[in-house]
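Residue numbers (the working numbering): 354 to 737. Heads up: the structure comes next, in structure tokens.
Encoded structure:
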């Protein structure tokens, strides 16, 4: 309605503040969403009345349908309210990374530093991208409307990326005291399940859901009773959720059966290799390395190359993996997992002094306290 992202956010925040005061006295209204939207809309009108420059926008805003009518449009096509908002925010007129970042910031509750770490950029760089995205929406007049069914495929790639990154932050938090943020990962799974039901002919949503379920099946074994990180090789596999693994296997088989293999299906296939290994020694690392080779062709990413290096190290030896790392060092020099991986490979090769340096480099960049403690323990094993 306003055409200005910042004004919309500020007016919405003011509406929530007023709700806290009003509802505490008289109770919540019958339609809280409509109440909040009406109050926010009135705040926006008040702001625009005070600004002659915004007179034209005021005329447009006055002509908008009432809140009740706005809320009821397109409900049947995308039944999940949150998913509708994500589709609305992932407008194809915005650059891909900008639309994903803006959606994560506005609708998924992730902070700018968390989003910056997900994209392997500095917080300052990500903040600038978010500002530019908001400015483009305002200057270009990009509308915030729920797209009709025939336009959903144009936005699906962005929506998938939003849900993927939301799950990743929940599965392995980039900062803070807790390694796993169940609220985020569970939210991502619920939304992806809705997306897969909405787009049954597209195998990638089902592939992403399978990936999430494979990964989520291990979450109870990822930390011990003291909250310390447990590596995949040392996890108690009897704690893995076999129901989630079984559902993921069915989803992945159906998705792959369509013959349109995408990056999320490939990642799910990799996760399946881990899920189906009854012990760490039984993991099929050569197959995992081949799958990462395919993924690297389908999805150019230095993080994929890093994971490929790990798989090669496990399949062909630490020296082979280390050689792969050298080729991507410049791209990942600010990514703690690059240095942690190199430290581990150097440790396995008996190059303790070099491993110590890499562990220190990783510790300077890591944000999660659980991962920091893990790296510190590994470092203590090498230093006197």
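The beta carbon of each residue, even a glycine, is placed where N, CA and C say it ideally should be. From a predicted model like this one, the values you see are computed outputs, not experimental measurements.
Please report how far the alpha carbon of residue i lies from the alpha carbon of residue j, in whole angstroms.
i	j	result
residue 503	residue 556	17 Å
residue 725	residue 639	30 Å
residue 364	residue 474	30 Å
residue 579	residue 533	14 Å
residue 464	residue 554	33 Å
residue 382	residue 716	50 Å
residue 355	residue 361	7 Å
residue 508	residue 598	29 Å
residue 471	residue 719	13 Å
residue 385	residue 367	15 Å
residue 477	residue 634	43 Å
residue 607	residue 696	39 Å
residue 536	residue 571	16 Å
residue 428	residue 732	A caution first: residue 428 carries a pLDDT of 41, below 50, which makes its placement in the model unreliable, though a value can still be read off. Each residue's alpha carbon lies about 54 Å from the other.
residue 728	residue 713	9 Å
residue 420	residue 372	Residue confidence is low: residue 420 scores 42 on pLDDT, short of 50, so the model does not pin down where it sits. Its coordinate-derived value is still stated next. The alpha-carbon atoms of residue 420 and residue 372 are separated by roughly 17 Å.
residue 595	residue 630	12 Å
residue 452	residue 398	27 Å
residue 602	residue 666	27 Å
residue 390	residue 585	46 Å
residue 615	residue 433	25 Å
residue 481	residue 497	21 Å
residue 418	residue 688	In this prediction, residue 418 has a pLDDT of 48, which is less than 50 and means its spatial position is unreliable; what the coordinates show is noted afterwards. Cα-Cα distance, rounded: 48 Å.
residue 395	residue 388	11 Å
residue 357	residue 590	50 Å
residue 677	residue 545	33 Å
residue 495	residue 709	51 Å
residue 632	residue 466	36 Å
residue 587	residue 539	24 Å
residue 403	residue 679	59 Å
residue 374	residue 359	23 Å
residue 628	residue 669	21 Å
residue 637	residue 711	28 Å
residue 479	residue 445	19 Å
Within its chain, find whatever has a CB closer than 7 Å to the CB of residue i; leave out the 5 residues flanking it on each side and keep chain order.
i	result
residue 541	516, 519, 520, 523, 565
residue 730	none
residue 723	532, 576, 580, 581, 582
residue 549	558, 559, 562
residue 459	442
residue 659	681, 685, 690, 691, 694
residue 425	Confidence is the limiting factor: at residue 425 the pLDDT is only 37, short of 50, which leaves the residue's position unreliable, though a coordinate-based value still follows. The answer is none, since no qualifying residue turns up.
residue 609	618
residue 379	none
Which residue comes first and which comes last in the alpha helix (DSSP H) that contains residue i?
i	result
residue 568	556-569
residue 573	Segment: none, residue 573 is in no alpha helix (DSSP H) and carries neither H nor E.
residue 516	505-524
residue 591	First-last for residue 591: undefined, no H or E at that position.
residue 633	First-last for residue 633: undefined, no H or E at that position.
residue 401	385-402
residue 734	722-735
residue 708	705-718
residue 617	616-628
residue 466	465-471
residue 689	689-701
residue 672	671-679
residue 490	476-493
Since residue i contacts residue j with CB under 8 Å, what's their CB separation in whole angstroms?
i	j	result
residue 513	residue 561	6 Å
residue 574	residue 592	4 Å
residue 705	residue 735	5 Å
residue 436	residue 547	5 Å
residue 671	residue 701	4 Å
residue 661	residue 698	About 13 Å; that fails the 8 Å criterion.
residue 552	residue 605	Not confirmed; about 16 Å, so no contact.
residue 454	residue 468	5 Å
residue 721	residue 529	7 Å
residue 440	residue 500	6 Å
residue 486	residue 447	6 Å
Any heavy atom of the ligand SAM within a distance shorter than 7 Å of the CB on residue i?
i	result
residue 620	Absent from the structure shown: the ligand SAM. Ligands present: none.
Could you name the residues of the same chain whose beta carbon sits closer than 6 Å to that of residue i, not counting the 5 residues immediately before and after it, in chain order?
i	result
residue 641	623, 626, 664
residue 611	556
residue 613	556
residue 511	443, 452, 453
residue 707	699
residue 620	564
Spatial neighbours of residue i within its chain, please: CB distance less than 8 Å, with the 5 preceding and 5 following residues excluded, ordered by chain position.
i	result
residue 657	645, 648, 649
residue 393	361, 364, 365, 367, 368
Between residue i and chain B, is any beta-carbon pair separated by less than 8 Å?
i	result
residue 432	Protein chain content of the structure displayed is limited to a single chain, and chain B is not contained in it.
Cβ contact check for the segment 475-495 and the segment 525-544: 3 or more pairs under 8 Å: no
Three CB pairs or more closer than 8 Å across the segment 564-578 and the segment 622-633: yes
Stretch pair the segment 644-652 + the segment 678-685: three plus CB contacts closer than 8 Å: Output reads no: the segment 678-685 does not touch the segment 644-652.
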